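K.L.:
I have a structure here, written as structure tokens, and I will follow up with some questions on it.
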Amino acid sequence: MNDFSQDGAWPVDDICSFLQGSWTLSRRISDVRQNMPGIMQGKAIIATDGDGYVYREEGKLSFGKYRETVYRKYLYTFPAAHIAEVCFEDGRPFYRLDLSTGTSTVEHLCENDTYRGSFWADGPDGWRSSWTINGPNKELVLESRYQRVT
Numbered sequence: 309m310n311d312f313s314q315d316g317a318w319p320v321d322d323i324c325s326f327l328q329g330s331w332t333l334s335r336r337i338s339d340v341r342q343n344m345p346g347i348m349q350g351k352a353i354i355a356t357d358g359d360g361y362v363y364r365e366e367g368k369l370s371f372g373k374y375r376e377t378v379y380r381k382y383l384y385t386f387p388a389a390h391i392a393e394v395c396f397e398d399g400r401p402f403y404r405l406d407l408s409t410g411t412s413t414v415e416h417l418c419e420n421d422t423y424r425g426s427f428w429a430d431g432p433d434g435w436r437s438s439w440t441i442n443g444p445n446k447e448l449v450l451e452s453r454y455q456r457v458t
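Numbering-wise (this note's numbering), the sequence shown opens with residue 309 and increments by one.
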């Protein structure tokens with residue numbers, strides 16, 4: 309997993325404004341145990357939806373012999389100018405994102421699996437995330453790059 313250094317990171321003062329909008333999404337996936345690479349190319353949109361904000365992701369996943377269009381949805385709230393609370397679609401908490409320094413690291417325990425994430429703001433129109441997922445049944449690395457659609 310990348311633990312992104314703060315050197316060269318772009319501090320985000322208003323994370324809600326920064327994240328809102330449409331993004332192209334490119335993700336590299338590695339199943340470490342099976343030595344199997346994958347990629348996902350798609351888009352992500354973060355927009356208001358009723359009382360809060362919703363992250364919607366859609367893309368074409370190629371992972372080993374698997375080929376499919378995949379979807380993901382998260383709920384976002386912004387309790388402070390530099391903080392995003394990210395929840396699963398059903399409202400369960402996932403992680404707290406603070407990009408005030410331009411980088412952030414998070415951790416989430418999900419039953420027997422541990423999710424560790426690092427985030428990096430490249431500038432006003434780009435950001436990256438890196439996740440490692442370890443547990444008794446999986447060992448994955450996901451590296452994502454987001455570029456604002458203008």
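For glycine and all other residues, C-beta sits at the position ideal for the given N, C-alpha and C. Values in this document were obtained by computation on a predicted structure and should not be read as measured data.
Relative to the alpha-carbon of W439, which residue among T413, R456, G431 has its alpha-carbon at the smallest distance?
P.N.:
T413
K.L.:
Over the uninterrupted alpha helix (DSSP H) stretch that includes Y325, give me the two end residues.
P.N.:
In the sequence on display, residue 325 carries Ser and not Tyr. Per DSSP, the unbroken alpha helix (DSSP H) holding S325 starts and ends at 323-327.
K.L.:
Verify the CB distance criterion: does L417 have a CB-CB separation below 9 Å to chain C?
P.N.:
Protein chain content of the structure displayed is limited to a single chain, and chain C is not contained in it.
K.L.:
Would you mind sorting S325 into buried or exposed? The rule is 16 or more other CB atoms within 10 Å of its CB.
P.N.:
So S325 ends up on the exposed side.
K.L.:
Going by C-alpha to C-alpha distance, which of V449, Y454, G443 sits closest to E419?
P.N.:
Of the residues V449, Y454, G443, the one whose Cα lies closest to the Cα of E419 is G443.
K.L.:
Return helix, strand or coil for D406, following the three-state DSSP convention.
P.N.:
strand
K.L.:
Pair every Cβ in the stretch 328-347 with every Cβ in the stretch 357-367, then say whether three or more of these pairs are closer than 8 Å.
P.N.:
yes
K.L.:
Can you tell me where the beta strand (DSSP E) with Q455 in it begins and where it stops?
P.N.:
Q455 -> beta strand (DSSP E) spans 447-456.
K.L.:
What residue from V457, F386, L450, Y382 has the CA that sits closest to D398's CA?
P.N.:
Y382
K.L.:
Per DSSP, E415 forms a beta bridge with which residues?
P.N.:
Bridge partners of E415: R424.
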